[in-house]
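Per my numbering, the sequence shown starts with residue 7, numbered consecutively.
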Amino acid sequence: MEIGFIGLGAMGQAMARNLAAAGHAVKAWNRSGGSVEGVTMVGAPEDVVRGDAVLTMLSDDNAIRSVVLEPGLLNKAKPGLVHVVSSTISVAFAQELVQAHRAAGVGYVSAPVLGRPDVAARGELNVLTGGDPAAVAAVRPALEVIGGRIWDMGPEAPTANAAKIACNMMITMAIEAMAEAVVLTEANGLARDRFFELILGTLFGGRAYQTYSANISEGNYQPGFKAVLGLKDLRLAKEAAAEARRVLPMLDAVHRRMAETVDAGMGERDWSSMAEFTLNAGK
């Protein structure tokens, strides 16, 4: 396939590199420049919408709006192009993107991913797809390169975005749950390593608990996913809850704690640094 790529952060670089290594012809544009092995860098975003598909891995709604919608990039696309948005974006903006692509006659697939940069580098992301089945099928060869598994969330693109937001919300809840549990157990003389050995071997052996218990145990908060981005995703969850006219108390709590973490100067650290904020609060 001829694949365009926009957005070469840590995740985007790994995804673009894997696509090129798999034999796809990849052209990329990045706002801050850079280079990726096997990928042809181009000077303007319109140069990446001349192929079969274009993937965007930009930071948020506003970045996609400024790069794709406002300059009229969709009107410059090759007929038959499918645009795949792998960013974590709001449900409302995903709905707007569906309408904008339909008006421009461009295929659209929401395909947010679960996984950190190391997982992306191995081509083992979990890819959540939403959109017209024909459009999803057209880009499946690319998705199979970046993902270890593709999860079909249905024919409506925003459903995949709602699922991704919900997953990230649940990860922050797991991080906060472990931190609060350590507060109780350490106060009564139990080392956190022993406690984590217990929970991982019994009730909570899932990947989120495995990954972030290690961060908490080691006090290692080098960013895999920055707290400031975690705060953005929790804001998206709150917006989705408001649109559904529902109150989610646990979401309110972790959003408040993540905001406190960012305000305390930890926004560029891993989002699991929220646990450190909880562990040290009140000391």
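Virtual Cβ for every residue (Gly too), placed ideally from N, Cα, C.
Among the options, whose alpha-carbon lies nearest the alpha-carbon of residue i?
| i | options | result |
| --- | --- | --- |
| S38 | G18, V91, A265, G57 | G18 |
| P123 | A247, K232, G10, K289 | K232 |
| R108 | N167, E8, G86 | G86 |
| A15 | A250, G78, G230, V104 | Just to set this straight, residue 15 is Gly in the shown sequence, not Ala. Closest option to G15, Cα to Cα, is G230. |
| T46 | I12, L196, I177, N221 | I12 |
| A3 | I152, N286, A281 | Lying outside 7 to 289, the shown extent of the chain, residue 3 is not represented and no answer is given. |
| A193 | N286, A270, V119, I181 | N286 |
| A50 | L64, W35, S41, G40 | W35 |
| A172 | D53, L254, V74, A281 | L254 |
| R241 | S96, L206, G195, V125 | S96 |
| A168 | F210, G211, L120, L204 | L120 |
| A220 | D269, R200, A250 | R200 |
| F210 | D67, M179, G195, N24 | M179 |
| D53 | V73, A127, A98 | V73 |
| R128 | N24, R71, E8, D269 | N24 |
Spatial neighbours of residue i within its chain, please: CB distance less than 6 Å, with the 5 preceding and 5 following residues excluded, ordered by chain position.
| i | result |
| --- | --- |
| M272 | A233, S279 |
| K170 | T94, P118, L134 |
| G154 | E130 |
| A281 | I181, A185, I222 |
Measure how close the beta-carbons of residue i and residue j come, nearest whole angstrom, since I'm counting them as under 8 Å.
| i | j | result |
| --- | --- | --- |
| P164 | A100 | 4 Å |
| E182 | T284 | 6 Å |
| V91 | L103 | 7 Å |
Considering only residues of the same chain and omitting the five flanking positions on each side of residue i, which have a CB-CB separation below 8 Å?
| i | result |
| --- | --- |
| Q228 | R275, D276 |
| E224 | none |
| D63 | Correcting the residue identity first, residue 63 is Met in this sequence and not Asp. The answer, listed in chain order, is F11, I12, G13, L14, G15, M17, G18, M21, S92, S93. |
Whose C-beta lies closer than 7 Å to the C-beta of residue i among residues of the same chain, with five residues either side of it excluded?
| i | result |
| --- | --- |
| K244 | L257, H261 |
| V55 | G10, L79, K82, A83, K84, L87 |
| L75 | A106 |
| A141 | V88, G113, Y114, V115 |
Quick check on residue i - is its C-beta less than 8 Å from some C-beta in chain B?
| i | result |
| --- | --- |
| M179 | Looking for chain B here will not work: only one protein chain is present. |
- Are the stretch 202 to 222 and the stretch 231 to 246 in contact at 8 Å, needing three or more beta carbon pairs? With a cut-off of 8 Å, the stretch 231 to 246 and the stretch 202 to 222 do not count as touching, because too few Cβ pairs lie within range.
- Query: On the three-pair Cβ rule with 8 Å, is the stretch 142 to 149 touching the stretch 59 to 70?
  - Reply: yes
- Query: What are the uninterrupted segments assigned as alpha helix (DSSP H) that are 4 or more residues long and contained completely in the stretch 58 to 119, given in chain order?
  - Reply: 67 to 70, 97 to 110
- Query: Going along the chain, which unbroken runs of the alpha helix (DSSP H) with 4 or more residues stay wholly within the stretch 203 to 246?
  - Reply: 213 to 224
- How do the stretch 104 to 121 and the stretch 183 to 201 stand: do at least 3 beta-carbon pairs fall below 8 Å, yes or no? no
- Would you check if the stretch 152 to 159 and the stretch 127 to 139 touch, i.e. whether three or more CB-CB distances between them fall below 8 Å? yes
- Which ranges would you report for the beta strand (DSSP E) in the stretch 12 to 67 if only whole runs of at least 3 residues count? Annotation: the stretch 12 to 67 contains the following complete segments of the beta strand (DSSP E) (minimum length 3 residues), in chain order: 31 to 35, 59 to 62.
- alpha helix (DSSP H) runs contained entirely in the stretch 127 to 215, provided each spans 4 or more residues: 139 to 152, 163 to 193, 198 to 207
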